[in-house]
Amino acid sequence: MEMRAVLFKNGRRVCPIGQGTYLMGRRRSEEVRALRRGVELGMEVIDTAEMYGTEDLVGEAVRGCREKAFLVSKVLPENADYAGTKRACEGSLRRLGTDYIDLYLLHWKGSFPISETVRAMAELKREGKILQWGMSNLDVGDMRGVLSLPDGGDCAAD
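Okay, so the sequence shown: first residue is 21 according to our numbering, each after it adds one.
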C-alpha cells in the first residue's frame with residue numbers, strides 16, 4: 021500500500037502527518053524518545069517554533085537521524101522584520117543544533133510588512149540556512165499579497 025505524501029517544489033516528499041511539539045518539555049526524555057520513534061516510523065515532519073521553547077528538545081530528538089527528519093520552525097511576528105527574521109533563524113538553528121531548517125515559516129501576520137519577512141526568507145534560503153520558506157495562519161488575501169512580492173513565488177506553504 022502506497023502512503024500519500026506531500027511533495028514540495030524542491031522535490032522533497034514528506035508524510036502528510038507530522039509531529040507537533042507545542043507544550044512539550046514537561047517529560048523531556050519520554051518526548052525525545054517519542055519524536056525519535058515517530059521519525060523511525062516515517063513521521064519525519066517535526067513542527068516547532070521559537071515561541072514553543074521546544075527547539076532544543078527537537079534538536080536532541082533528531083541528533084543522529086537529522087537527515088531523516090523534516091524540521092519546521094517559525095519566526096514570531098514581533099521578530100519578523102528583515103533583520104529580526106535573520107536573527108530569529110540563527111537562534112533557531114543554534115537551538116536545533118543543525119545547519120539548516122527544512123521549512124521556515126512566519127508564525128502569523130504581525131505589524132511588520134510581510135515584504136521584509138519574505139526578503140529575509142529568500143536570503144536565508146540563498147545562504148542555505150533554510151531549504152524552503154512559507155507562511156502560517158494567513159488568509160487568501162494575505163497569501164495573494166505574498167505571491168505578488170519579489171521572491172513570493174518561492175513560498176512553499178501556508
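Each residue gets a CB set at the ideal place from its N, CA and C atoms; glycine is no exception. It should be emphasised that the depicted structure is a prediction, and the values quoted were computed from it without experimental measurement.
Cβ pair residue i, residue j closer than 8 Å
i, j, result
"E70", "V92", "no"
"M44", "C35", "no"
"V59", "V26", "no"
"D67", "Q39", "yes"
Integer Cβ distance of residue i from residue j, believed to fall under 8 Å
i, j, result
"D101", "F132", "4 Å"
"Y120", "Y72", "Y120 to Y72, Cβ: 19 Å. No contact."
Local Cβ density within 10 Å of residue i, reported as buried at 16 or more and exposed below that
i, result
"S112", "buried"
"C85", "exposed"
"V78", "buried"
"L116", "buried"
"L158", "buried"
"K149", "buried"
"R164", "exposed"
"K106", "buried"
"L61", "exposed"
"E147", "exposed"
Among the options, nearest to residue i - alpha-carbon criterion
i, options, result
"S168", "V138, R146, I150 and K149", "V138"
"V65", "L123, T105, A140 and G117", "L123"
"M155", "A89, P97 and A177", "A177"
"K145", "E110, L61 and K88", "E110"
"E98", "E51, G31 and I134", "I134"
"E80", "K88, M63, L61 and L55", "L55"
"R46", "M63, D67, T74 and G62", "T74"
"H127", "F90, R114 and M141", "M141"
Which residue spans inside the region 101–178 form an unbroken beta strand (DSSP E) run of at least 3? If one requires a minimum length of 3 residues, the beta strand (DSSP E) runs lying completely within the region 101–178 are 123–126 and 153–155, in chain order.
If we require 4 or more residues per run, which alpha helix (DSSP H) segments fall completely within the region 25–103? For the region 25–103, whole alpha helix (DSSP H) runs of length 4 or above, ordered along the chain, are 48–60 and 75–82.
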